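Reviewing the structure listed below.
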Amino acid sequence: MVRPAQGAEIGRTTDHRGEDRALKPLTSRCAGTSLGAGLAVLISTLAAPSVVAADEATDPSRHPRAVVELFTSQGCANCPPADALMQRLGADPDLVTLSFAVDYWDYLGWKDTAARPEFSQRQRAYAEMRGDRAIYTPQVVINGRVHAVGSDRPAIERRLAGLAAEHQDLDVAIDLETAGDALVIRVGAAPDDRPRPPATVWLLHYEKSRTVPIGRGENSGKTITYTHLVRSMQPIGMWKGAALRLELPRREATHDGSGGCAVLVQVDRDGGPGPIVGARVLAGPSS
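Going by full-length UniProt numbering, the residue at position 141 of the sequence shown is 141; the numbering climbs one at a time, nothing skipped.
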């Protein structure tokens, strides 16, 4: 079950079979909103050094097949099953899984301790890009292209299979390594001769796991564990189809003591987020 937010026309979502259906107002209060939006970019402040214990590098032979973003809320009674599913999906090395806490349910009585308005805006911008106005919790967005109910694993698997069949998976290679005082990011060239639209290279920092006791609201009394909980997101470069090398201070691998970092290469669509064409994770020492 998913719950659309108040104050706007209802969009579309998927039912328990993963098939499109028109959203209808539900008695439960937790869901998204159909607000128009442009992407608000979070430029995070660089923190004090938090150095990785030893030089690390991603395995160049293994590149993930998909990015699964979960939009969740501590104030949404429907979200805990999706949060639990993210723990299982997060163990799959072929997936980059990221949890974004949204803030639009804070008025229900519990202020989400991980929510950022920029994350809510990212979800709204995805709906604007798709043109379906479908914003709800729990919602997953896969490769920046399609969405599904965040607790519906069969629907998520169907979306993953469909993207692979349509060759809409991640086809741009990314390698990350820490060497000396640097975090080195290498983005490969486009694997074909087709022109590629400009894409932003994003650096995200996440916590591997955070367990939160909920004191009020719809999940009052519950203790919920969040996996790969995003703390910050910042643009670090532009990719235009040619091979690209970026170098950052090594402390950015574990900015502010985070559990690790992820790099996304995401096409820009009218100032908002479009398809993700490349992704990679570099886990910190706590991961």
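Beta carbons: idealized from backbone N, C-alpha and C, even for Gly. Since the structure is predicted, the reported quantities are computational estimates derived from the model, not experimental observations.
- In chain order, R216 and G217 place their CB closer than 6 Å to the CB of G109, counting only its own chain and leaving out the 5 sequence neighbours on each side.
- In this structure, the beta-carbon distance from G260 to V281 falls below 8 Å.
- Separation of the CB atoms of R133 and D94 is rounded to 31 Å, and the pair is thereby denied contact status at 8 Å.
- Contact check between the segment 77-95 and the segment 140-159: three or more CB pairs, one atom from each, fall below 8 Å, which counts as touching.
- For E252, there is no enclosing beta strand (DSSP E), as DSSP marks it with neither H nor E.
- Pairing T178 with A262, the inter-Cα distance amounts to about 13 Å.
- Uninterrupted beta strand (DSSP E) stretches at least 3 residues long and entirely within the segment 95-122 occur at 95-101, given in chain order.
- Counting only the Cα atoms, A101 lies some 17 Å from S220.
- Secondary structure remark: continuous beta strand (DSSP E) runs of at least 3 residues inside the segment 143-222, in chain order: 146-149, 174-179, 182-187 and 199-213.
- In the DSSP assignment, D83 falls within the unbroken alpha helix (DSSP H) covering P80 to L89.
- With contacts defined as CB atoms closer than 8 Å, A115 and P273 fail to qualify as a contacting pair.
- In the displayed model, A66 falls within a strand according to three-state DSSP.
- Collapsing the DSSP output to three states places R133 in coil.
- Below 8 Å, enough C-beta pairs join the segment 134-141 and the segment 69-77 to call them touching: three or more.
- Each residue's CA atom was taken as its position, placing D175 and V187 some 7 Å apart.
- With distances taken between CA atoms, L89 lies nearest to T227 out of T227, A283, G271 and G241.
- In this structure, A199 sits near V277, with a CB-CB distance shorter than 8 Å.
- According to DSSP, residue pairing for Y126 in a beta bridge does not occur.
- According to the DSSP assignment, D268 belongs to the beta strand (DSSP E) that extends over G260 to R269.
- Taking C-beta separations shorter than 8 Å and ignoring five residues to either side along the sequence, the partners of L170 in its chain run H63, P64, R65, A66, V67, N143, I276, V277, G278 and A279, following chain order.
- M238 sits exposed, since fewer than 16 C-beta atoms from the chains shown fall within 10 Å of its C-beta.
- Distance check between R245 and each of V184, V212, L85 and I135 places V184 closest, using alpha-carbon atoms only.
- Between E247 and R231 the beta-carbon gap is near 22 Å, outside 8 Å, which marks them as no contact.
- C-alpha of M86 to C-alpha of Y107: approximately 25 Å in a straight line.
- Selection S120, R250, G131 and T211 evaluated against R269 yields G131 as nearest (Cα-Cα).
- Beyond the five residues adjoining it in sequence on each side, D181 comes within less than 8 Å, by CB distance, of P249 and R250 in the same chain, given in chain order.
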